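My numbering puts the sequence shown at residues 1299 to 1822.
We treat Cβ as the ideally placed atom computed from N, Cα and C, and that holds for glycine.
Keep in mind it's a predicted model, so treat the numbers as computed, not measured.
Below: the structure, in structure tokens.
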Amino acid sequence: MRQILKSWDKFERQEISPSEAKRLFADNPYKLELIAEFIGQGSSLSVYQSGDYVDLCRGGHVDHPDQQLKHFKLLSIAGAYWRGDEKNPMLTRIYGTAWPTKKELDHYLWQLQEAKKRDHKKIGPQLELFMFHETAPGMPYWLPKGLIVLNELINFWRIEHSKRNYHEIKSPLINKKELYVTSGHWDHYRENMFLSETEEAETYALKPMNCPNAMIVFASQTRSYKDLPLRLSDTDTLHRFERSGVLNGLLRVREFSQDDAHIFVSEDQIKDEYKRLFEITERFYSIFGIEYSFRLGTRPKDFMGDPQVWKKAESELRRILETSHKEFSVLEGDGAFYGPKIDILMNDSLGRGWQMGTLQLDFQIPARFKLQYAAPDGTMKTPVVIHRVIYGSLERFMGILIEHYAGAFPVWLAPVQAAILPISEKHLDYAKKVTQQLVEQGIRVELDDRAESLQKRIRDAELKKIPYMVIIGDKEVKSNTVSIRARGEKDLGSMNLKKFISLISQEISSKATTNSHSNEEGTT
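Right, dumping it as structure tokens:
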């Protein structure tokens, strides 16, 4: 490849006719399939050539491939279904990467190696957090320890939203097709729904999003301007069909929960409400030590509603972002079909970027549901809805957190916060008393009284990423104390149990980003 690249001084574009394209790629059934599809769409056909290589492509490309593409590396090969559909033939996919400089390439290769060590698909089962089974592809089983972490995330979410006057709701998992016809999702999202038909010839769908149900809740009562902003939140389970070829651990699933909120506001409340949303975003992401930025997504090709309303909404969001003093970018055509959006982009401890939460401004769906509230002047007006998630998919957020922390969760999130390790059987009674006292203080503990050496049990606790080890021997029993070892081989020495309870309780209540006494490299 490096030898061939030397002859690639430029890419030359040429538009060709359908007959020329079919003749040029007569021996390639996959290209012929694409050509037929492009012809059906009325698209023009173009090929690019560099050196002796010619391929069907719309472009664009770098200007000088021999200079700009020389820092590359082939990474792996894998099987992949044609167009991501398991009903199609299996092809061979070659993965590679190219960067402007060798330094950037080397950094990316380091990221890949580090990411392999942190892969949530490996760490999750090792730490007994979650699993998958072939009978439910793309739908995770949450194991006891993983469910603890998930519930801690949800509990934190509930507390913070309750402080900010959000009202949690729960709505049906299965809904009639008509709900999604009204919302517009039937025309724009049907291919991603799990559908079922009853004996009465009624079509139902597993809920793929929460917003239509939130509209139903708003419409269930007579509303006044005094009710606004009305903040409805939920963490319901959602289902979306994803092709098996794109499923990826917790990062791309078919069943997930989402920390949704639908905020009903008047137009003059939009700016202030977005300020509040930026504040709660900062609160959440700072807890995890995560850096983030915003990205504005504008009107897509497949949109719903009046272009002038879209223009107004986009201008409003742009003004809000400009006054937020937070870094933001613009991605044209990336809005939701019903309105522009602000995506929250986070960087994990490896510097990798992830699209997480989103703040979407919607003038369309409230009108489709004929939502109204009584304005101060007695007239009836349609509210604006802000669709908002911060975690995004909780499953995806968990997958990213596992990799962000390399499985070494901060104390408040750790499934087991302390391992109790009696040195021998004669120390077991005291160890059980210590365990009971910690449990009574709401601390998650695990008593390891196996007939293994202390060093073996310490090593196992380290592998389980448990933040603290409480070691009990003759000295501790005699002095009514405990010896504490922090994750990462740091000995904190002997202390009375009350002091340890105070230390760990403070870390839990403050939601410290890391175990403050840890030397664990996986934390941030």
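Cut-off 8 Å between Cβ atoms - residues of its own chain near residue i, not counting five sequence neighbours on either side
{"i": "P1435", "result": "S1542, L1545 and R1552"}
{"i": "L1619", "result": "F1592, L1594, F1626 and I1640"}
{"i": "I1337", "result": "P1316 and L1343"}
{"i": "L1726", "result": "P1720 and D1747"}
{"i": "R1391", "result": "I1375, A1376, G1377 and A1378"}
{"i": "H1369", "result": "A1396, W1397, P1398, T1399, K1400, E1402 and L1403"}
{"i": "Q1753", "result": "none"}
Reference residue i; option with closest CA among the options
{"i": "T1395", "options": "H1560, K1401, N1490 and L1407", "result": "L1407"}
{"i": "R1550", "options": "L1330, P1438 and P1423", "result": "P1438"}
{"i": "V1709", "options": "L1332, F1428, Q1519 and L1451", "result": "L1451"}
{"i": "L1471", "options": "L1425, G1422 and D1534", "result": "D1534"}
{"i": "P1713", "options": "T1733, E1701 and R1742", "result": "R1742"}
{"i": "G1771", "options": "R1757, N1386 and S1792", "result": "S1792"}
{"i": "R1462", "options": "N1490, K1573 and A1810", "result": "K1573"}
{"i": "E1630", "options": "T1596, A1413, E1495 and F1309", "result": "T1596"}
{"i": "R1356", "options": "K1400, F1309, W1397 and N1326", "result": "F1309"}
{"i": "E1476", "options": "E1466, R1783, H1560 and I1514", "result": "I1514"}
{"i": "Q1567", "options": "W1440, E1614 and K1609", "result": "E1614"}
7 Å Cβ cutoff met for residue i and residue j
{"i": "Y1464", "j": "R1538", "result": "no"}
{"i": "S1691", "j": "F1554", "result": "yes"}
{"i": "W1652", "j": "I1721", "result": "no"}
{"i": "G1587", "j": "H1418", "result": "no"}
{"i": "P1444", "j": "F1428", "result": "Checking the sequence shown, residue 1444 turns out to be Gly, not Pro. Yes, these two residues count as a Cβ contact at 7 Å."}
{"i": "F1562", "j": "L1526", "result": "yes"}
{"i": "K1329", "j": "L1367", "result": "no"}
{"i": "K1468", "j": "D1532", "result": "yes"}
{"i": "G1705", "j": "I1333", "result": "no"}
{"i": "D1604", "j": "F1635", "result": "no"}
{"i": "R1694", "j": "T1480", "result": "no"}
{"i": "E1701", "j": "R1416", "result": "yes"}
{"i": "H1560", "j": "A1512", "result": "yes"}
Straight-line gap, residue i to residue j (C-alpha atoms, nearest Å)
{"i": "I1718", "j": "L1403", "result": "45 Å"}
{"i": "E1819", "j": "E1723", "result": "The predicted position of E1819 is uncertain, since its pLDDT is 48 and thus under 50; no value can be drawn from it."}
{"i": "N1778", "j": "I1769", "result": "12 Å"}
{"i": "R1662", "j": "S1803", "result": "This sequence places Gln at residue 1662; Arg is not what is there. The straight-line gap from Cα to Cα measures roughly 47 Å."}
{"i": "T1822", "j": "R1650", "result": "Legend: pLDDT at T1822 = 37, less than 50; position of this residue unreliable, value from coordinates given subsequently. When rounded, the distance between both Cα atoms is 14 Å."}
{"i": "L1322", "j": "E1313", "result": "13 Å"}
{"i": "E1335", "j": "S1342", "result": "11 Å"}
{"i": "S1781", "j": "A1376", "result": "50 Å"}
{"i": "D1746", "j": "E1458", "result": "35 Å"}
{"i": "G1655", "j": "L1575", "result": "11 Å"}
{"i": "S1460", "j": "I1578", "result": "12 Å"}
{"i": "R1311", "j": "Y1351", "result": "12 Å"}
{"i": "L1659", "j": "G1637", "result": "6 Å"}
{"i": "E1247", "j": "P1681", "result": "It is not possible to answer for residue 1247, since the shown part of the chain is limited to 1299 through 1822."}
{"i": "F1707", "j": "W1484", "result": "40 Å"}
{"i": "K1304", "j": "K1371", "result": "16 Å"}
{"i": "R1616", "j": "K1730", "result": "59 Å"}
{"i": "N1794", "j": "R1755", "result": "22 Å"}
{"i": "I1388", "j": "Y1379", "result": "Rather than Ile, the amino acid found at residue 1388 in this sequence is Met. Roughly 4 Å between the two C-alpha positions."}
{"i": "A1611", "j": "I1684", "result": "11 Å"}
{"i": "R1757", "j": "M1644", "result": "33 Å"}
{"i": "D1646", "j": "Q1339", "result": "40 Å"}
{"i": "S1825", "j": "A1759", "result": "Residue coverage of the chain in this structure runs from 1299 to 1822, which leaves residue 1825 outside it and unanswerable."}
{"i": "P1442", "j": "M1696", "result": "14 Å"}
{"i": "V1737", "j": "E1744", "result": "10 Å"}
{"i": "E1426", "j": "K1624", "result": "38 Å"}
{"i": "Q1830", "j": "E1432", "result": "Only positions 1299 to 1822 of the chain appear in the structure, and residue 1830 is not among them; the question remains open."}
Contacting residues, own chain, Cβ-Cβ under 6 Å from residue i (five flanking each side not counted)
{"i": "K1524", "result": "none"}
{"i": "L1657", "result": "L1575, I1640 and R1686"}
{"i": "S1374", "result": "Y1393"}
{"i": "G1382", "result": "R1541, G1543 and V1544"}
{"i": "L1410", "result": "none"}
{"i": "D1307", "result": "D1364"}
{"i": "L1711", "result": "V1447 and E1450"}
{"i": "E1495", "result": "T1501"}
{"i": "K1763", "result": "G1705 and A1706"}
Same chain, Cβ closer than 7 Å to residue i, neighbours up to 5 away in sequence not counted
{"i": "E1478", "result": "According to the sequence shown, residue 1478 is Tyr rather than Glu. Only W1484, A1503 and P1510 meet the Cβ criterion."}
{"i": "V1775", "result": "H1725 and Y1728"}
{"i": "L1648", "result": "Q1409, E1412 and A1413"}
{"i": "A1810", "result": "P1708 and V1709"}
The region 1492-1511 / the region 1341-1354 touching (three or more Cβ pairs under 8 Å): Counting Cβ pairs under 8 Å, fewer than three are found: no touch.
Contact the region 1661-1675 vs the region 1520-1535: 3+ CB pairs below 8 Å: Cβ pair count under 8 Å is three or more, so yes.
The region 1357-1369 / the region 1314-1332 touching (three or more Cβ pairs under 8 Å): No, the region 1357-1369 is not in contact with the region 1314-1332.
Given 8 Å, three or more beta-carbon pairs between the region 1581-1589 and the region 1683-1702: Yes, since at least three Cβ pairs between the region 1581-1589 and the region 1683-1702 fall closer than 8 Å, the two stretches touch.
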